[in-house]
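S.K.:
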Amino acid sequence: MLKFLKQVGDYAKEAVQSALYIGQGLSVTFDHMQRRPITVQYPYEKLIPSERWRGRIHFEFDKCIACEVCVRVCPINLPVVDWEFNKETKKKQLRHYSIDFGVCIFCGNCVEYCPTNCLSMTEEYELAAYDRHELNYDSVALGRLPYKVTDDPMVTPLRELAYLPKGVLEPHDLPPGSRRAGLRPEEIVEQSSTATP
Ligand code: SF4
Ligand code: SF4
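All you need for our numbering is the position in the sequence shown, starting with 1, plus 802.
Rendered as structure tokens:
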């Protein structure tokens, strides 16, 4: 008899514990039912990339002096700088320039070390192609102006989580002029320059 009562007691204890666990699980579910979805409806909505995003490289042909520094600092010697020596001016003359984004690791070394700043990283990240050879951009493709999410009238730009105002976790329907949490990079620079004597 005692054994039977102990079994009933154990069963009741386990039943209460199970109900507790189910309640805990459902409380998370019910909590989410009160929140708005944070899904980005791509391609109608797109996140604004962060300020230091390393996207497709932009190249300015006229500023390039064909020094090939970008090739030497590239971990895989990727940029192709095709030049010829101009005997009249006694200078290198650039003929073609290309970067294969199918191989590039977007480390930014070439941009960092280019002495004439003719390379820059844009916020363009949609580089998908059916043929990988299409990712080999020549100087014309590299010179195309970068695509910006905020300039596209067909797209609703959404702020990344890090750029939302303090306490806001949802990027839809932000009131106009709402500030991001924390200071912008230029404000930090300004603050540090005024702080130093
Ligand atoms: S480092 Fe800059 S200037 Fe020199 S070849 Fe490369 S892109 Fe041209
Ligand atoms: S971003 Fe890096 S990998 Fe790509 S071309 Fe420049 S240096 Fe090379």
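From the three backbone atoms N, C-alpha and C, an ideal C-beta is built for every residue, glycine too.
Grab me the residues of S980's own chain with a C-beta within less than 6 Å of its C-beta, minus the 5 sequence neighbours each way, in chain order.
M.R.: The answer, listed in chain order, is P967.
S.K.: Going by DSSP in three states, P987 sits in which element: helix, strand or coil?
M.R.: Reduced to three states, the DSSP call for P987 is helix.
S.K.: Take the Cβ of F887 as the centre, count every other Cβ of all protein chains shown within 10 Å, and call the residue buried at 16 or more, exposed below.
M.R.: Exposed, since its Cβ has fewer than 16 Cβ neighbours within 10 Å.
S.K.: Taking the Cβ atom as the reference point for each residue, do I867 and T918 lie within a distance shorter than 8 Å?
M.R.: Going by C-beta atoms, I867 is nearer than 8 Å to T918.
S.K.: Helix, strand or coil for E847? Go by DSSP, reduced to three states.
M.R.: Here E847 sits in strand by DSSP.
S.K.: Closer than 7 Å to a non-hydrogen atom of ligand 2 - does that hold for the CB of C909?
M.R.: C909 Cβ: within cutoff of ligand 2.
S.K.: Using the three-state DSSP reduction, which class does L937 fall into: helix, strand or coil?
M.R.: Looking at L937 - three-state DSSP - the assignment turns out to be helix.
S.K.: Run through DSSP, which three-state label would Q836 get?
M.R.: The answer is coil: DSSP assigns Q836 none of H, G, I, E or B.
S.K.: Sort L929, G910, H898, T924 by Cα distance to V942 and report the nearest one.
M.R.: Among L929, G910, H898, T924, the Cα nearest to that of V942 is on H898.
S.K.: With burial defined as no fewer than 16 other Cβ atoms inside 10 Å of the residue's Cβ, what is the status of L921: buried or exposed?
M.R.: Counting Cβ neighbours within 10 Å, L921 comes out buried, since at least 16 surround it.
S.K.: Are I859 and M923 closer than 8 Å when you measure CB to CB?
M.R.: Closer than 8 Å, so yes.
S.K.: What does DSSP give as the partner residues of H974 in its beta bridges?
M.R.: DSSP lists no partner for H974.
S.K.: Check for me: the alpha helix (DSSP H) holding R874 runs from which residue to which?
M.R.: First-last of the alpha helix (DSSP H) with R874: 871 to 875.
S.K.: Taking a contact to mean a Cβ-Cβ separation below 8 Å, would you say L849 touches L960 in this structure?
M.R.: Yes, the pair counts as a contact, with Cβ atoms nearer than the cut-off.
S.K.: Between P877 and C909, how many whole angstroms is the CB-CB distance? I'm expecting something under 8 Å.
M.R.: Going by Cβ atoms, the distance from P877 to C909 rounds to 6 Å, so yes, they are a contact pair.
S.K.: Report the partner residues of L960 according to the DSSP bridge assignment.
M.R.: DSSP output for L960 lists L849 as bridge partner(s).
S.K.: According to the neighbour-count rule (16 or more other Cβ atoms, all chains shown, within 10 Å of its Cβ), is L971 buried or exposed?
M.R.: So L971 counts as exposed.
S.K.: Determine the DSSP secondary structure at E816, reduced to helix, strand or coil.
M.R.: In this structure, E816 counts as helix in the three-state DSSP scheme.
S.K.: Using the Cα positions of K865 and V883, report the straight-line distance between them to the nearest angstrom.
M.R.: Roughly 13 Å between the two C-alpha positions.
S.K.: Kindly indicate which three-state DSSP category R806 falls into: helix, strand or coil?
M.R.: Before going on, a small fix: residue 806 reads as Phe here, not Arg. F806: helix per DSSP, three-state reduction.
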